[in-house]
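Colleague:
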Amino acid sequence: MELESLTVRTAIDGLRKRQFSSVELTRAVLDAITARDGVIGAYLWVDEADALKQAASADAARAGGADALLLGVPLAIKDILNVEGQPCTCASKILAGYRAPYDATVIARLREAGAVFAGRTNLDEFAMGSTTENSAIQLTRNPAALDRVPGGSSGGSAAAVAGGMALAALGTDTGGSIRQPASFCGCVGLKPSYGRVSRYGLVAFASSLDQIGPMTQTVEDAALLLGVMAGRDPHDATTLDRAVPNYAAALGGDLKGLRLGLPKEYFVAGLDPEVAQRVQEAVESCRRCGAEIVEVSLPHTEYAVATYYILASAEASANLARFDGVRYGHRSAVAAGTPLEMYLNTRAEGFGREVKRRIILGTYVLSSGYYDAYYTHAQRVRTLIRRDFESAFMQCDALLTPVSPDPAYLIGATAEDPLKAYLIDIFTVTANLAGICGLSVPCGTTPAGLPVGLQVLAPAFDEGTLLRIGHVYEQVREVRS
Amino acid sequence: MAAEEIDVAYVAQLATIRLTDEEARLFQRQLPVILAYVDKLRCLDVSGIEPTSHGHPVYNVLREDVPEPGLDPERVLANAPARLRDTFKVPRIVES
Amino acid sequence: MKQTYRVSIGLEIHVQLKTRTKLFCGCATSFGVPPNTCVCPVCLGYPGAMPVMNREAVRLTLVSGLMLGCSINTYSTFDRKSYFYPDMPKNYQITQYDKPLCLDGIIDIPMTDGGRKPIRLIRIHLEEDVAKSMHESSWSGVDFNRAGTPLMEIVTHPDLTSADEAAAFLTALRHILLYIGVSACNLEEGNMRCDVNVSLRPPGQDALGTKVELKNMNTISGAHDALQYEIARQSEVLDAGGRIVQETRRWDVDSGVTIHMRSKEDAHDYRYFAEPDLLPIVTPPDQIDALRRSLPELPAVRRERLARQYGIPDYDASVLAADRALADFFEAVAQRCGTGKTASNWIMTDVLRLVAAHETPVTACALTPEALVELIGMVEARTINALTAKELLEEAFLSGGSPTEQVRARGLAQVSDSGALDGWVDAVVQANPKSVADWKAGKQAAAGFLIGQVMKLSKGKADPKVVGRLVGERLAQQNG
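Protein chains in written order, with the working numbering: chain A, 1367 to 1847; chain B, 18 to 113; chain C, 88 to 567.
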């Protein structure tokens, strides 16, 4: 049995039945990282001794009668979530030396449920990017094709799960950063509705768009983890006080009675034909499972990327102002006579090119004289995009779309053409702008063996429907290319 | 308000980021292209449309005025790039 | 030829609110504790930390707004104001830009002619305070204990026309805020800080002159002196035919002058935008009404009512009304003992003397209104004399308890029946023939001595009035 390739569900069962210990399971994951990650580069930080210590105390707790849901299950964490005592670099030089003195709320909840935090995964610096190439620390390769990117920004988490180096991982999604790498690497990625999962302890990129979600091998695993992570948090005022259903227990059945919409704006020229074909096949599978398929329209789709880049960059420009070398992280060694000099040197050295580009863009759209023309205008367009989804969800229960117009890109293919890189996010940014939930489920591969993802979008706080659709489809999915 | 108006050097100063000459040249070339692209929003008539500034339209989420334990000061200062006894050390602040 | 200019002064006052915790986190608000001991990820601006609004800070701001005659914004939002400074943990301050909690409002200030002048407020909003730094040689050290403390900013129209008026305004505002208990308003601790803008214009000109902003006034008299200096400075510039430049100047207490800090060209572009992590505050009209009903009376209103309702002198009413707890105490006593004048006399003299002597405010002492009512009743009924009453008052002030119980337990009731007193008087008159002789010789003071001796013999329990009468009668008999 290859313990490192177990799903969360099978690991839970095995641990409960004492088929293996958490130490054995964690050891297997650590060994897989040692064996494979030299090539893949998914992890930025692993502390074997600490991971095994956590695993041993989980085993001891179980011996003492404890049986929390995730007791002893090792997870990989995107290196943008605070885990007490661990570094949190955001794949940026500016957070060099920082040790988190506190747990993010999701981490606290997973810890309470018994999870082991085995290591921290690579990302685009501060989650700004769609290929993980913007990491200031290392390159991550796609386990399905080593000359290709894993997607991003949660590329390390996707590569760890798809590459058999993590049972499951956490990612974050501001404009597709969970769903797109999941589709590129061939795993499941769930972006919960805005307000479903606490963002406290997630290093903010764009506060009105960010969400944390699970990246897993199966939809059931995503449901299990979401059930632990979700719910109102007094430390995050934007979490909503809505009941958290038992997502995993509700899985099963078929798609009878569900109307699934195909937004016509998502099936257009520019969509890779192989991707289009895999998604069409997935749509057919859903139809065979009883779903009624209807065409819907999201007329403001073509404005989503522009809206997203204005709003996300504006929020980022303020969110990243705190990295100044005063309280934590990197401080320039260049002698500075004033705090301002120190800031300028520190931020020049600490931030990578894409981060600087977005801070400048965001600063510009908020600056005097441009604010209304760019920022307020984009906020109004955001309202239109939300309304698009409200109308669409009057006609159907969920939407089926491609995750990305293309399968995984060759390393270097999108470098230094920022606009081209931004347009990759066309099918994913809308869910963040509208605050709804989205799921990426593998739906086969291209003839070249590159994974393709099916995106399911459902109304805010209807993760149950999203997971049900994904789970049913996953059970009937024909493995073909 | 044409996109090419952006003065990257000035905006970088606002953002408190020092750019290398190469970065400044690169951004001065790239940002107008991005701004020209986002200008497509201008063709949308949004008069009478409320701006969306939050993820969900909820309000009055407040906490009670009850103390909670903070961080251990040593732990806080352990992250400081430079310390001046129990404080965070910075180049001398000139009042502005 | 020097001319008199019309002066327009506007104030921006920052007031630290009296909450237990900071505006966005559960850290205690503190003063004088070791550096960086009241901090957490939120108020340190740590990566990933998020603000959550303190309900009490919002309530105190709304209460202040209502007390100052503001209208309450039913929909109020918070914004980020970006600028880099080492005392700003996030390098943006969370404040309120275009939808503050309170709008408009009025504060009346007393004028030298006895009248009152209304000063209009523009707005009151809620924001977070910054950290403190200390400086040495080429370094500064930042202490984040103060960072995130709730600050209420009150902005006035430029209605003030002199340094005296500005000082009167600040004094009046401080009184009101202290009275409603929203802030300690302790200037030394920086609970109340003020920025000033001032402009001059020749008589007959409607448009305001170029305004200069003044910073760093830590006391009301500092603000007064800074304004006086600045008005004189600007007058001289204008007299000499010069022009005022829009700038920010710093008041230097030691040298008593204002010094250029920055000019308008250096003005920041703050890039305000809605704080995505904090949700709007919605206060519907019925909640505003409920809040309004819970408000205490303003000192000026209460002063008038106390004088009218209880028939006490204006002076007494103003002293009592200035301190909300004292006024509450007075009303409780006056209502129970039925006479405002007596209650006021006791509180104005004896109680306030004890407050001063023991440096204990009436809220912190052990004296209850009931105890004072008992004391007053016993004195009025001549059960105890004034001396005993003062002793009992001090005991009740320090240790509480019922004076009636004390009188009973310790047998302190004064003796006024002539039977018992006659014996003491006889004894004293017989024992002091010299005094009797002195009295006969016309020395009136000798009677006082004899009365004192009787009081002494009675261990203070004799009713001095009755003793006086009896001694007088006995001496008259001796004479005859």
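The C-beta atom is built at its ideal place from N, Cα and C for all residues, glycine as well.
1. Does the count of Cβ pairs from the segment 314 to 325 of chain C and the segment 118 to 138 of chain C closer than 8 Å reach three?
2. When burial is assigned at 16 or more other CB atoms within 10 Å of the CB, is Gln1761 (chain A) buried or exposed?
3. If you drop the 5 nearest sequence neighbours on each side, which residues of the same chain put their C-beta closer than 8 Å to that of Glu1499 (chain A)?
4. How many angstroms separate the CA atom of Thr426 (chain C) from the CA atom of Cys452 (chain C)?
5. Can you tell me the Cβ-Cβ gap for Thr164 (chain C) and Pro371 (chain C), rounded? I've got them flagged as a contact below 8 Å.
6. Sorted by chain position, which residues of the same chain lie with C-beta nearer than 7 Å to Val1649 (chain A)'s C-beta, five sequence neighbours on each side aside?
7. Mark Lys1383 (chain A) as exposed unless 16 or more other C-beta atoms lie within 10 angstroms of its C-beta, in which case mark it buried.
8. Against chain B, which members of the segment 202 to 224 of chain C pass a CB distance test of less than 8 Å?
9. What do you get for Val554 (chain C), buried or exposed, if any count of 16 or more other CB atoms within 10 angstroms of its CB means buried?
10. Just to confirm the assignment: which complete alpha helix (DSSP H) runs, minimum length 4, are found wholly within the segment 1498 to 1564 of chain A?
11. Excluding the 5 residues preceding and the 5 following Ala1528 (chain A) in the sequence, name in chain order all residues of the same chain whose CB lies nearer than 6 Å to its CB.
12. On a Cα-Cα basis, can you pick out the residue from C:Glu391, C:Leu155, C:Pro386 that is closest to Arg409 (chain C)?
13. According to the Cβ coordinates, are Leu61 (chain B) and Val1395 (chain A) closer than 7 Å?
14. Return the residue from the list A:Gln1643, A:Asp1587, A:Ala1701, A:Leu1677 that minimises the CA-CA distance to Leu1799 (chain A).
15. Quick one: does Ala115 (chain C) have its CB under 7 Å from some CB of chain B?
16. Under a three-way DSSP split, which group does Cys1454 (chain A) fall into?
17. At the level of alpha carbons, what is the spacing between Leu238 (chain C) and Phe256 (chain C)?
18. Report buried or exposed for Glu214 (chain C), applying the criterion of at least 16 other Cβ atoms within 10 angstroms of its Cβ.
19. Taking the Cβ atom as the reference point for each residue, do Leu1833 (chain A) and Tyr1560 (chain A) lie within a distance shorter than 7 Å?
20. Pop quiz: Met465 (chain C) and Val494 (chain C) are said to be a contact at Cβ under 8 Å. What is the actual Cβ separation, rounded to whole angstroms?
21. With 8 Å as the limit, tell me which residues of the segment 1581 to 1608 of chain A have their beta carbon closer than that to any beta carbon of chain C; keep them in chain order.
22. Taking buried to mean at least 16 other C-beta atoms within 10 Å of its own C-beta, is His347 (chain C) buried or exposed?
23. Along chain C, which residues have their Cβ under 8 Å away from the Cβ of Val1569 (chain A)?
24. Take Leu1853 (chain A) as the anchor and find which of A:Ser1734, A:Lys1786, A:Ser1806, A:Ala1532 has the nearest alpha-carbon.
25. Are Ile1399 (chain A) and Ala1457 (chain A) touching if we call contact CB-CB under 7 Å?
26. Mind checking Gln292 (chain C): buried by the 16 CB within 10 Å criterion, or exposed?
27. Express the C-alpha separation of Gly268 (chain C) and Glu1715 (chain A) in angstroms, rounding to a whole number.
28. Going by DSSP, name the residue or residues bridged to Cys281 (chain C).
29. Under the rule that 16 or more other beta-carbon atoms within 10 Å means buried, what is Gly398 (chain C), buried or exposed?
30. Taking a cut of 7 Å between CB atoms, which residues from the segment 64 to 88 of chain B lie near chain A?
31. Over what stretch of residues does the alpha helix (DSSP H) that includes Leu441 (chain C) continue unbroken?
32. Anyone know if the C-beta pair for Asp1576 (chain A) and Thr1471 (chain A) falls short of 7 Å?
33. Taking the beta strand (DSSP E) that His222 (chain C) belongs to, which residues open and close that run?
34. For a contact meaning CB atoms closer than 7 Å, what does Glu1681 (chain A) contact in chain C?
35. Does the beta-carbon of Gln90 (chain C) have 16 or more other beta-carbons within 10 angstroms, so that it is buried, or is it exposed?
36. What does the Cβ neighbour count give for Ala532 (chain C), buried or exposed, with the cut at 16 atoms within 10 Å?
Modeller: Looking at the coordinates:
1. Counting Cβ pairs under 8 Å, fewer than three are found: no touch.
2. Flag for Gln1761 (chain A) reads exposed.
3. Same-chain partners within the cutoff: Asp1490, Leu1505, Val1515, Gly1518, Ile1777, Gly1778, Thr1780, Ala1781.
4. Answer to the nearest angstrom: the Cα atoms are 23 Å apart.
5. Wrong, their Cβ atoms sit about 16 Å apart, outside the cutoff.
6. Close CB contacts of Val1649 (chain A) within its chain, under the 7 Å cut and outside five residues either way in sequence, are with Leu1628, Ile1659, Leu1766 (chain order).
7. The residue is exposed, with fewer than 16 neighbouring Cβ atoms inside 10 Å.
8. Result list: Ser220, Met221, His222, Glu223, Ser224.
9. Result: buried.
10. For the segment 1498 to 1564 of chain A, whole alpha helix (DSSP H) runs of length 4 or above, ordered along the chain, are 1521 to 1528, 1545 to 1551.
11. Counting only Cβ-Cβ distances below 6 Å, and skipping sequence neighbours, we find Pro1509, Cys1551, Gly1552, Cys1553.
12. Inspection of the sequence shows that residue 409 (chain C) is occupied by Ala rather than by Arg. The residue with the shortest Cα to Cα distance from Ala409 (chain C) is C:Pro386.
13. No. Outside cutoff.
14. A check of alpha carbon separations from Leu1799 (chain A) across A:Gln1643, A:Asp1587, A:Ala1701, A:Leu1677 identifies A:Leu1677 as the nearest.
15. Yes, Ala115 (chain C) lies at the interface with chain B (some Cβ there is under 7 Å from its Cβ).
16. In the three-state reduction of the DSSP assignment, Cys1454 (chain A) falls in the coil class, being assigned neither a helical nor a strand state.
17. Going by the C-alpha atoms only, they are around 19 Å apart.
18. Label assigned to Glu214 (chain C): buried.
19. For the pair Leu1833 (chain A) and Tyr1560 (chain A), the CB atoms are not nearer than the 7 Å cut-off.
20. Contact holds; Cβ gap of about 6 Å.
21. Within the segment 1581 to 1608 of chain A, the residues whose Cβ lies closer than 8 Å to some Cβ of chain C are Pro1600, His1601, Asp1602, Ala1603, Thr1604, listed in chain order.
22. Exposed is the call here.
23. Pro134, Gly135, listed in chain order.
24. With chain A covering 1367 to 1847 only, the question about residue 1853 (chain A) has no answer from this structure.
25. At least 7 Å separates the beta-carbon of Ile1399 (chain A) from that of Ala1457 (chain A).
26. Per the 10 Å Cβ criterion, exposed.
27. The straight-line gap from Cα to Cα measures roughly 49 Å.
28. DSSP lists C:Ile100, C:Met304 as partners of Cys281 (chain C).
29. For Gly398 (chain C), the number of other beta carbons within 10 angstroms of its own is below 16, and it is reported as exposed.
30. The segment 64 to 88 of chain B vs chain A, Cβ under 7 Å: Ile66, Glu67, Pro68, Thr69, Ser70, His71, Gly72, His73, Val75, Val78, Arg80, Leu88.
31. Going by DSSP, Leu441 (chain C) is part of the alpha helix (DSSP H) stretching over 439 to 444.
32. Pairing Asp1576 (chain A) with Thr1471 (chain A) gives a Cβ-Cβ distance that is not under 7 Å.
33. Counting along the chain, the beta strand (DSSP E) containing His222 (chain C) begins and ends at 219 to 223.
34. Correct list: Pro363.
35. Taking all protein chains in view, the Cβ of Gln90 (chain C) is surrounded by fewer than 16 other Cβ atoms within 10 Å, so the residue is classified as exposed.
36. Around the Cβ of Ala532 (chain C), a 10 Å sphere holds fewer than 16 other Cβ atoms; the residue is exposed.
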